[in-house]
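Take a look at the structure below.
Numbering (full-length UniProt numbering), first residue to last: 1 to 371.
Next up, the structure:
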């Protein structure tokens, strides 16, 4: 009798707790090199054990998601340990393997992976088993996973923990391949959104902007987001303007934190998210931009993860007090950051459930030919 993949995924998630506890009690394992080797020894056979008995499922991403469920369990162990909810589970790994996981940012990305990403893994595993599409959730996860990994790795290399990088850091590098490979497979899958008729497409695309109030509101958000992104990018680049100086010292001092994660995050926003916002404004003005829905999901996942980690870390007790959001401007800064996270989610929702404006106008002529 074969174990159902969902039960196996939950079991892999939970298995991280006894495995970490056992490893924490074995003194011989408390060495950076031994920890890195142990990680390879555990993950390699784990993938083989999952893959070989279950080859009846054609989608190879199923086996990747199963292994990532175990990684999500390790992140849960680390986050709960550093926040004081458990003890004697991950001290050895954080101390001798990846000390930067004990930062506020490291804890927050661990929570996100252990909760949000794990929930998406379960959903996608269930969809694969039932032969259903998981394309939309997969694209959202791709953005979330990629953003977390890029900011985390770059912050480790250039931040204050750069001198404490140990062999276990190399275990993170193979994960860079996963979202690229997964994204290629997901983009190749057929879209699952309900296709509007040619008449619906023509009707929607003939409306002007004032007749599309949701699009008008989204463009307003995107314009403000462009300004906010550019401003914070200039702030972390040490712009000498008084407004930039006041913001980084009086309103969001977390951007100065020596761990460098917030600085990297703002630069990623500046060089990648800002151009995306500008292109989205074009996509909401000009009909027929068929790419809007897919990329809206990817960036919604990326920005949602990034803003959760950024905001939560900036108010977390492990962030030094001088870098936390000042009480006087707490609500203003938090609400600005929350709005920055919510806007892309609304844009993805609009593209996903009302796609007529973004459909190719060619569909109308094809429909007439069929008639």
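Cβ atoms here follow ideal geometry from the backbone N, Cα and C, with glycine treated the same way.
This one's a predicted model, so the numbers in the text were calculated from it and none came from an experiment.
Exercise. Pick out whichever of 320, 293, 347 and 325 has its Cα sitting closest to the Cα of residue 360.
Key: What you label residue 360 is simply residue 360 of the chain shown in a count that begins at 1. Among 320, 293, 347 and 325, the Cα nearest to that of residue 360 is on 293.
Once the 5 residues before and after residue 232 are set aside, which same chain residues still bring their CB inside 6 Å of it?
Translated into positions along the chain shown, residue 232 becomes position 232. Contacts found: 266.
Length at least 3, wholly inside the segment 283-360: the beta strand (DSSP E) runs in chain order: none
Which value, in whole angstroms, describes the spacing of the CA atoms of residue 138 and residue 187?
-> On the chain shown, position 138 is the one that residue 138 refers to. On the chain shown, position 187 is the one that residue 187 refers to. Each residue's Cα considered, the two are about 10 Å apart.
Checklist entry - Near residue 149, which residues of its chain fall below 8 Å by C-beta distance, leaving aside the five closest residues on each side in sequence? => result Along the chain shown, read from residue 1 onward, the residue named residue 149 stands at position 149. Cβ neighbours of residue 149 beyond the five flanking positions: 172, 175, 176 and 179.
(Q) So for residue 18, helix, strand or coil by DSSP? (A) Position 18 of the chain shown, counted from the start, is the residue given in the question as residue 18. Three-state result, residue 18: helix.
Please classify residue 273 as buried or exposed, where buried requires at least 16 other C-beta atoms within 10 Å of its C-beta. As a first step, residue 273 must be located in the chain shown, where it is residue number 273. Per the 10 Å Cβ criterion, buried.
Worksheet entry | the segment 67-86 contacting the segment 15-28, beta-carbon criterion three pairs below 8 Å | yes
Once DSSP output is grouped into helix, strand and coil, what is the label at residue 166?
Taking the chain shown and counting its residues from 1, the one referred to as residue 166 is at position 166. Three-state DSSP puts residue 166 in coil, outside helix and strand.
Task: Cβ contact check for the segment 122-132 and the segment 61-71: 3 or more pairs under 8 Å - done: yes
Next on the checklist: Quick check on residue 58: does DSSP put it in helix, strand or coil?
Outcome noted: Residue mapping note: residue 58 aligns to position 58 of the chain shown, counting from 1. DSSP places residue 58 in coil when its eight states are reduced to three.
### Query
Does DSSP put residue 89 in a helix, in a strand, or in coil?
Here residue 89 is taken as the residue at index 89 of the chain shown, counted from 1. The answer is coil: DSSP assigns residue 89 none of H, G, I, E or B.
**Report entry** Minimum C-alpha distance to residue 114 - residue among 91, 311, 270 and 70
**Finding:** As a position in the chain shown, residue 114 is number 114, starting the count at 1. The residue with the shortest Cα to Cα distance from residue 114 is 70.
Under 8 Å, with one C-beta from each stretch per pair, do the segment 86-105 and the segment 156-164 reach the 3-pair mark? yes
Exercise for review: Pick out whichever of 136, 22, 262 and 112 has its Cα sitting closest to the Cα of residue 91.
Suggested key: Translated into the one-based positions of the chain shown, residue 91 becomes position 91. For residue 91, the nearest C-alpha among the options comes from 22.
| What are the start and end residues of the alpha helix (DSSP H) that includes residue 184? | If you number the chain shown from 1, residue 184 lands on position 184. It spans 177-188 - the alpha helix (DSSP H) in which residue 184 sits, taken as one unbroken run.
Cβ-Cβ distance between residue 323 and residue 257 below 8 Å: Numbered from its first residue, the chain shown carries residue 323 at position 323. Numbered from its first residue, the chain shown carries residue 257 at position 257. Yes, these two residues count as a Cβ contact at 8 Å.
**Asked** If you compare alpha carbons, which of 264, 281 and 327 is closest to residue 250?
**Response** As a working mapping, residue 250 is identified with position 250 in the chain shown. When only C-alpha atoms are compared, the closest one is 327.
| Just to confirm, are residue 117 and residue 145 a CB contact at a threshold of 8 Å? | Start at 1 with the first residue of the chain shown, and residue 117 comes out as number 117. Start at 1 with the first residue of the chain shown, and residue 145 comes out as number 145. It is a contact, given that the beta carbons lie within the stated cut-off.
- Task: Using 10 angstroms around the beta-carbon of residue 156, count the other beta-carbons present and answer buried if the total reaches 16, otherwise exposed.
- Result: Stepping through the chain shown from its first residue, residue 156 is reached at position 156. Buried, by the Cβ-count rule.
Close-in-space but distant-in-sequence residues of the same chain around residue 73 (CB under 6 Å, 5 per side omitted): Within the chain shown, numbered from 1, the residue matching residue 73 stands at position 73. 13 and 16.
#### Entry: Distance between beta carbons of residue 200 and residue 296, contact taken as under 8 Å
What you label residue 296 is simply residue 296 of the chain shown in a count that begins at 1. What you label residue 200 is simply residue 200 of the chain shown in a count that begins at 1. No, residue 296 and residue 200 are not in contact; Cβ-Cβ is about 20 Å, not under 8 Å.
| query | Distance, Cα to Cα, residue 310 vs residue 109? | reply | By one-based count along the chain shown, residue 310 stands at place 310. By one-based count along the chain shown, residue 109 stands at place 109. Going from the Cα of residue 310 to the Cα of residue 109 covers about 9 Å.
Have a look at residue 270 and residue 252 and give me their C-alpha separation to the nearest angstrom.
-> The residue labelled residue 270 in the question sits at position 270 within the chain shown. The residue labelled residue 252 in the question sits at position 252 within the chain shown. Going by the C-alpha atoms only, they are around 17 Å apart.
Do we get a CB-CB distance below 8 Å when we pair residue 194 with the residues of chain D? Looking at the structure shown, chain D is missing, and only one protein chain is on hand.
### Query
Rounded to the nearest angstrom, how far is the Cβ of residue 135 from that of residue 191, given a contact under 8 Å?
Position 135 of the chain shown, counting from 1, holds the residue named residue 135. Position 191 of the chain shown, counting from 1, holds the residue named residue 191. At roughly 7 Å, the Cβ-Cβ gap stays under 8 Å, so residue 135 and residue 191 are in contact.
Can you name, in chain order, every residue of its own chain whose Cβ lies under 7 Å from the Cβ of residue 279, other than the five neighbours on each side?
As a first step, residue 279 is located in the chain shown; it is residue number 279 there, counting from the start. Cβ neighbours of residue 279 beyond the five flanking positions: none.
### Task
Measure the CB-CB distance between residue 281 and residue 222 and report whether it falls below 8 Å.
Here residue 281 refers to the residue found at position 281 of the chain shown. Here residue 222 refers to the residue found at position 222 of the chain shown. Yes. Within cutoff.
For this session: Could you please give the first and the last residue of the uninterrupted alpha helix (DSSP H) stretch that includes residue 119?
Result: Within the chain shown, numbered from 1, the residue matching residue 119 stands at position 119. It spans 118-129 - the alpha helix (DSSP H) in which residue 119 sits, taken as one unbroken run.
**Asked** So, are the CB atoms of residue 142 and residue 183 less than 8 Å apart?
**Response** Translated into the one-based positions of the chain shown, residue 142 becomes position 142. Translated into the one-based positions of the chain shown, residue 183 becomes position 183. Closer than 8 Å, so yes.
| message | With H, G and I counted as helix, E and B as strand and the rest as coil, what does DSSP make of residue 150? | response | Locating residue 150 in the chain shown gives position 150, counting from the first residue. The answer is helix: DSSP assigns residue 150 an H, G or I state.
Report task. Find the nearest neighbour of residue 290 within the set 316, 147, 255 and 352, judged by alpha-carbon distance. Result -> Position 290 of the chain shown holds residue 290. Closest by alpha carbon: 352.
- Is residue 147 closer than 8 Å to residue 348 when the C-beta atoms are compared? Translated into the one-based positions of the chain shown, residue 348 becomes position 348. Translated into the one-based positions of the chain shown, residue 147 becomes position 147. Contact flag unset, no.
For residue 244 and residue 255, believed in contact at Cβ under 8 Å, the rounded distance: In the chain shown, residue 255 corresponds to position 255, counting from 1. In the chain shown, residue 244 corresponds to position 244, counting from 1. Not confirmed; about 10 Å, so no contact.
### Task
Determine the DSSP secondary structure at residue 133, reduced to helix, strand or coil.
Walking along the chain shown from the start, residue 133 turns up at place 133. Reduced to three states, the DSSP call for residue 133 is coil.
Figure out for me which residue from 2, 189 and 169 has the closest Cα to the Cα of residue 61.
For this step, residue 61 is matched to residue 61 along the chain shown. The residue with the shortest Cα to Cα distance from residue 61 is 189.
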